[in-house]
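Written as structure tokens, this is what we have:
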């Protein structure tokens, strides 16, 4: 039945046949006698049969444990450990061993809770049994990963949950030693797969480890971030592990700036810069560079408050490098990935990964003592911005320029399919959200920049893709603009800018222009009522003339009517 149901399909096997065979196996597996299938199936020569034997052990423990005789529980425990150790010793496949590891862990979840526990020190005893049978470090790591995963998701309550979690904590010294002995070795002395499996163990256990056990791993992991190594796998595995530490461990949420944030910033200043330089030189984001981008994003999420607070700090971290210098280096690096050359989804995918950081950084800037309360619309007269504010504004001015470039569509014909166009439009919307965060830092300067950029673009032979991209950015920040204090809009809608935009052809540009008019339509009412300066009566006529001329299709008129 197993070979027919799970072996290679034949021309005579129909889906109905497979469904019937699998149902028969399932019904057989449910019977009490199925316990007796585990050993003979594991000893069969066919791997599919061996897998089904391991699967049967896991299913019986997890689903029908209540029917198992309690007086035989310890015998089953010893047998299952022995079968797993034997399977390791004779080189059973990964997928079979994984099932056996799951079965062992499922049984521990049944036996460990209680007083007295029927399986004290189960993790240590299992590791010892597997090692005595010649289990490699890689196999031990695979077992430890499954232990952390399965116990972490076990449906336990109250005292049972506490006792099971304590069994994990009791094994921490063994797990720390197993990881350290695998990764703290001269390069080439252990296999790449052992490095990777050890780092997967660290990732699985980092929420269980106290911070004191995590801290010693940080310099080791940073030391593994060596792009000059011929094998990229170790770099990527170490980077992935650091990303997990930054986001999910006891060291997340801005903790350990001295032992985590600053060492990573020092590494970025040297090695990270060289990786980026190679990326720009080759105009290609390889796997190491992509991993660096993800590490930057994780560090930004973790340390946004540190970066904001120390953007101009002169406090030294290492000789020749202050906190401010390292913070600025980080900002340059993540800005470079935000502004990678090429079009998102066609040439690169990294720029979108960085967008959330600029929101977090803006929030972090607002929380510092040198940034004014955003609700305070009347700053003291003649007061110069602190140096930190000036530097933050310079960063966001550069960001605004980069994002305007990144949201421009390529010249037609793009050759893009519908999926690419849809993905790029989603990216443009995400950039729009980031631009709102930039507006909260730059305020009026941002709208002034975009309107001035439009005027400059239209003064010469215009690149219509750049014009459309700038208009898209102006739409994106509309909800943050105080329409009662936006004199720049009068320049936008005058004849020098709106009057120079095409009213025929250029369909995307016309749609975007009409969307700008719709988004800012209420401004005309406020502008007409403004008492400070007399309203220019030609502005509304300019807009109406553009709408009537540009809307040559019924659908376009409907879009404007209901959109505005």
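Numbering (full-length UniProt numbering), first residue to last: 1 to 564. The C-beta atom is built at its ideal place from N, Cα and C for all residues, glycine as well. These numbers come from a predicted model, not from an experiment.
ask   = Across which residues does DSSP place residue 321 in a beta bridge pair?
value = Stepping through the chain shown from its first residue, residue 321 is reached at position 321. In the DSSP assignment, residue 321 is bridged to 318.
inquiry  = Can you tell me which residues form a DSSP beta bridge with residue 370?
reply    = Here residue 370 is taken as the residue at index 370 of the chain shown, counted from 1. In the DSSP output, where bridge partners are listed per residue, residue 370 has none listed.
inquiry  = Applying the 10 Å Cβ sphere with the 16-neighbour rule, what's the burial state of residue 90?
reply    = On the chain shown, residue 90 is found 90 positions in, with the first residue counted as 1. Residue 90 counts as exposed, since fewer than 16 other beta carbons sit within 10 angstroms of its beta carbon.
message = Buried or exposed, going by whether 16 or more other CB atoms sit within 10 Å of the CB of residue 326?
response = Taking the first residue of the chain shown as 1, we reach residue 326 at position 326. A buried status is given to residue 326, since no fewer than 16 other beta-carbon atoms sit within 10 Å of its beta-carbon.
inquiry  = Let's test the definition: count the other Cβ atoms within 10 Å of the Cβ of residue 203 and tell me whether it reaches 16, buried, or not, exposed.
reply    = Locating residue 203 in the chain shown gives position 203, where the first residue counts as 1. Counting other Cβ atoms within 10 Å of its Cβ, residue 203 reaches 16 or more and is therefore classed as buried.
query = Taking Cβ to Cβ, would you say residue 268 is nearer than 9 Å to residue 330?
reply = Working through the chain shown from its first residue, we reach residue 268 at position 268. Working through the chain shown from its first residue, we reach residue 330 at position 330. Taking the C-beta atoms as reference points, residue 330 is found nearer than 9 Å to residue 268.
task = Return yes when the Cβ of residue 473 is within less than 9 Å of the Cβ of residue 432, no when it is not.
result = For the purposes of this step, residue 432 is identified with residue 432 of the chain shown, where counting begins at 1. For the purposes of this step, residue 473 is identified with residue 473 of the chain shown, where counting begins at 1. Yes, Cβ-Cβ distance for residue 432 and residue 473 is below 9 Å.
key: Cα-Cα separation between residue 18 and residue 254, rounded to whole angstroms   = Along the chain shown, one-based indexing puts residue 18 at 18. Along the chain shown, one-based indexing puts residue 254 at 254. Each residue's Cα considered, the two are about 53 Å apart.
query = Short check: CB of residue 141 to CB of residue 80, under 9 Å?
reply = Residue mapping note: residue 141 aligns to position 141 of the chain shown, counting from 1. Residue mapping note: residue 80 aligns to position 80 of the chain shown, counting from 1. Judged by beta-carbon spacing, residue 80 lies beyond the 9 Å limit of residue 141, meaning their Cβ atoms are not closer than that value.
query = With contact counted as at least three CB pairs below 8 Å, one residue from each stretch, are the stretch 409 to 429 and the stretch 480 to 487 in contact?
reply = Contact fails between the stretch 409 to 429 and the stretch 480 to 487, because fewer than three Cβ pairs, one in each stretch, are under 8 Å apart.
Cβ neighbour criterion (16 or more within 10 Å) applied to residue 302 = What you label residue 302 is simply residue 302 of the chain shown in a count that begins at 1. With 16 or more neighbouring CB atoms inside 10 Å of its own CB, residue 302 falls in the buried class.
ask   = With 16 as the cutoff for other CB atoms within 10 Å, does residue 272 come out buried or exposed?
value = The residue you call residue 272 lines up with position 272 of the chain shown. Under this definition residue 272 is a buried residue.
request  = Pull up the CB-CB distance for residue 336 and residue 399, whole angstroms please, since I reckon it's below 8 Å.
outcome  = Residue numbering aside, residue 336 sits at position 336 when the chain shown is read from its first letter. Residue numbering aside, residue 399 sits at position 399 when the chain shown is read from its first letter. Not really, about 11 Å apart at Cβ, beyond 8 Å.
task = Go through its chain and collect everything with a Cβ distance to residue 536's Cβ below 8 Å, but skip five positions before and after it.
result = Taking the chain shown and counting its residues from 1, one reaches residue 536 at position 536. Closer than 8 Å at Cβ, skipping near neighbours: 490, 494.
message = With the cut-off set at 9 Å, would you say residue 436 and residue 480 are in Cβ contact?
response = As a first step, residue 436 must be located in the chain shown, where it is residue number 436. As a first step, residue 480 must be located in the chain shown, where it is residue number 480. Contact flag set, yes.
message = Between the alpha carbons of residue 42 and residue 169, how many angstroms are there, rounded?
response = Here the question's residue 42 lines up with position 42 in the chain shown. Here the question's residue 169 lines up with position 169 in the chain shown. C-alpha separation (whole angstroms): 32 Å.
ask   = Do you know how far the Cα of residue 1 is from the Cα of residue 45?
value = As a working note, residue 45 is residue 45 in the chain shown. As a working note, residue 1 is residue 1 in the chain shown. So the two alpha carbons sit approximately 15 Å from each other.
ask   = Taking the alpha helix (DSSP H) that residue 55 falls in, what are its first and last residues?
value = As a working mapping, residue 55 is identified with position 55 in the chain shown. Per DSSP, residue 55 belongs to the alpha helix (DSSP H) from 47 to 63.
inquiry  = Give me the residue from 446, 372, 297 with the minimum Cα distance to residue 356.
reply    = Along the chain shown, read from residue 1 onward, the residue named residue 356 stands at position 356. Check the Cα spacing between residue 356 and each of 446, 372, 297: the tightest is with 297.
task = On a CA-only basis, which of 367, 25, 248 is nearest residue 304? Give me that one, please.
result = As a first step, residue 304 is located in the chain shown; it is residue number 304 there, counting from the start. Of the listed residues, the one whose Cα sits closest to residue 304 is 367.
query = How should residue 55 be labelled, buried or exposed, when 16 other C-beta atoms within 10 angstroms of its C-beta is the threshold for buried?
reply = Within the chain shown, numbered from 1, the residue matching residue 55 stands at position 55. Taking all protein chains shown into account, residue 55 has 16 or more neighbouring C-beta atoms within 10 Å of its C-beta and is therefore buried.
key: DSSP state of residue 343 mapped onto helix, strand, coil   = The residue labelled residue 343 in the question sits at position 343 within the chain shown. Under the three-state reduction of DSSP, residue 343 is assigned to coil, being neither helix nor strand.
ask   = Are the CB atoms of residue 7 and residue 48 nearer to each other than 9 Å?
value = Position 7 of the chain shown, counted from the start, is the residue given in the question as residue 7. Position 48 of the chain shown, counted from the start, is the residue given in the question as residue 48. Yes.
ask   = Based on the DSSP output, what are the partners of residue 348 in its beta bridges?
value = Here residue 348 refers to the residue found at position 348 of the chain shown. DSSP output for residue 348 lists 344 as bridge partner(s).
key: Backbone secondary structure at residue 235 - three-state DSSP   = Residue mapping note: residue 235 aligns to position 235 of the chain shown, counting from 1. Residue state, collapsed to three classes: helix.
inquiry  = Beta-carbon within less than 6 Å of residue 174's beta-carbon, same chain only, minus the 5 sequence neighbours each way: which residues are those?
reply    = In the chain shown, residue 174 corresponds to position 174, counting from 1. Closer than 6 Å at Cβ, skipping near neighbours: 124.
key: Same chain, Cβ closer than 7 Å to residue 218, five either side skipped, listed in chain order   = Numbered from its first residue, the chain shown carries residue 218 at position 218. Result list for residue 218: 259, 260, 263, in chain order.
ask   = The alpha helix (DSSP H) spanning residue 452 covers which residue range?
value = Translated into the one-based positions of the chain shown, residue 452 becomes position 452. Taken as a continuous stretch (DSSP letters only), the alpha helix (DSSP H) holding residue 452 covers 444 to 459.
query = Helix or strand or just coil, what does DSSP make of residue 551?
reply = Sequence index remark: in the chain shown, residue 551 carries index 551 (1-based). DSSP places residue 551 in coil when its eight states are reduced to three.
task = Look at the alpha carbon of residue 369 and the alpha carbon of residue 549, and state the distance between them as a whole number of angstroms.
result = Taking the chain shown and counting its residues from 1, the one referred to as residue 369 is at position 369. Taking the chain shown and counting its residues from 1, the one referred to as residue 549 is at position 549. Cα to Cα, the separation comes out at about 51 Å.
ask   = Are the beta-carbon atoms of residue 108 and residue 151 separated by less than 9 Å?
value = As a position in the chain shown, residue 108 is number 108, starting the count at 1. As a position in the chain shown, residue 151 is number 151, starting the count at 1. Yes, Cβ-Cβ distance for residue 108 and residue 151 is below 9 Å.
request  = Decide if residue 52 is buried, meaning its Cβ has at least 16 other Cβ atoms within 10 Å, or exposed.
outcome  = If you number the chain shown from 1, residue 52 lands on position 52. Buried is the label assigned to residue 52, since at least 16 other Cβ atoms lie within 10 Å of its Cβ.
message = Please return the same chain residues whose Cβ sits closer than 8 Å to the Cβ of residue 496, not counting the five positions on each side in sequence.
response = Your numbering for residue 496 matches position 496 in the chain shown. Counting only residues of its own chain and dropping the five nearest sequence neighbours on each side, residue 496 has a CB closer than 8 Å to the CB of 455, 458.
ask   = By the 10 Å Cβ neighbour count, where 16 or more other Cβ atoms means buried, how is residue 196 classified, buried or exposed?
value = Here residue 196 corresponds to residue number 196 of the chain shown, with the count starting at 1. By the beta-carbon neighbour count (other beta carbons within 10 angstroms, threshold 16), residue 196 is buried.
request  = Measure the CB-CB distance between residue 105 and residue 147 and report whether it falls below 9 Å.
outcome  = Within the chain shown, residue 105 is the residue found at index 105, counting from 1. Within the chain shown, residue 147 is the residue found at index 147, counting from 1. In this structure, residue 147 lies closer than 9 Å to residue 105 by Cβ.
ask   = Within 10 angstroms of its Cβ, does residue 162 collect 16 or more other Cβ (buried), or is it exposed?
value = As a first step, residue 162 must be located in the chain shown, where it is residue number 162. Residue 162 is exposed by the Cβ-count criterion.
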